[in-house]
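Numbering (my numbering), first residue to last: 102 to 255. For glycine and all other residues, C-beta sits at the position ideal for the given N, C-alpha and C. Accompanying notes for the structure given below.
Here it is as structure tokens:
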């Protein structure tokens with residue numbers, strides 16, 4: 102198993118409550134998430150720790166689906182998501198994303214901590230830095246789209 106990690110920070114000119122709401126409303130992901138096709142709730146009840154959902158996007162001309170579980174949930178402060186790659190299109194790996202929402206004036210400082218565990222040997226280790234950069238770039242692109250959406254006040 103090889104672990105890739107990265108962190109990022111984004112300043113968003115919207116209050117933490119609005120940023121958090123956009124990130125915890127799968128039915129609204131299509132308002133800001135590029136390539137979004139659909140989200141399917143797998144568990145009943147409010148969006149909280151233990152909530153599971155599938156997210157499908159169009160990537161490189163094909164649909165790709167991943168299985169998410171909420172691992173931490175403190176409204177407008179913290180959100181944790183785990184992606185079980187064995188239940189998704191990739192068929193392998195585990196991805197963990199922890200988001201911190203810190204008030205910054207009238208806006209939010211959104212911090213992302215990501216850890217991606219991929220099975221494999223030497224080859225996975227050799228391409229690890231390249232893959233880490235790819236995953237970070239993709240996550241940053243999503244968060245910039247989120248930023249644009251919540252800053253519009255939508």
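Item: Given a threshold of 16 other Cβ atoms within 10 Å of its Cβ, counted over all protein chains shown, does residue 175 qualify as buried or as exposed?; Value: exposed
Item: Between the Cα of residue 111 and the Cα atoms of 246, 139 and 197, which residue gives the shortest distance?; Value: 246
Item: Leaving out five residues on either side along the sequence, give the residues of the same chain with a beta carbon under 6 Å from the beta carbon of residue 109.; Value: 213 and 241
Item: According to DSSP, is residue 187 part of a helix, a strand, or is it coil?; Value: helix
Item: Could you check what DSSP says for residue 204 in three-state terms: helix, strand or coil?; Value: strand
Item: Classify residue 150 as helix, strand or coil using the three-state DSSP reduction.; Value: coil
Item: Could you check which residue in 127, 177, 205 and 179 has the C-alpha nearest to that of residue 158?; Value: 127
Item: With a threshold of 7 Å on Cβ separation, who are the neighbours of residue 144 within its own chain once the five nearest residues in sequence on each side are excluded?; Value: 151, 152 and 153
Item: How is the beta strand (DSSP E) around residue 177 delimited, first residue to last?; Value: Where residue 177 is concerned, there is no enclosing beta strand (DSSP E), given that its DSSP letter is neither H nor E.
Item: Determine, using beta carbons only, whether residue 114 and residue 186 come nearer to each other than 8 Å.; Value: no
Item: I think residue 220 touches residue 193, with their Cβ atoms under 8 Å apart; what is that distance to the nearest whole Å?; Value: 5 Å
Item: Among 235, 164, 121 and 168, which residue has its Cα nearest to the Cα of residue 141?; Value: 168
Item: With distances taken from CA atoms, which of 202, 218 and 243 is nearest residue 119?; Value: 202
Item: Taking CB distances under 8 Å as the criterion, tell me whether residue 182 reaches chain C.; Value: In the structure shown, chain C cannot be found, because there is only a single protein chain.
Item: Compute the Euclidean distance between the alpha carbons of residue 125 and residue 243, then round it to the nearest angstrom.; Value: 14 Å
Item: Assign residue 134 to one of three DSSP states: helix, strand, or coil.; Value: coil
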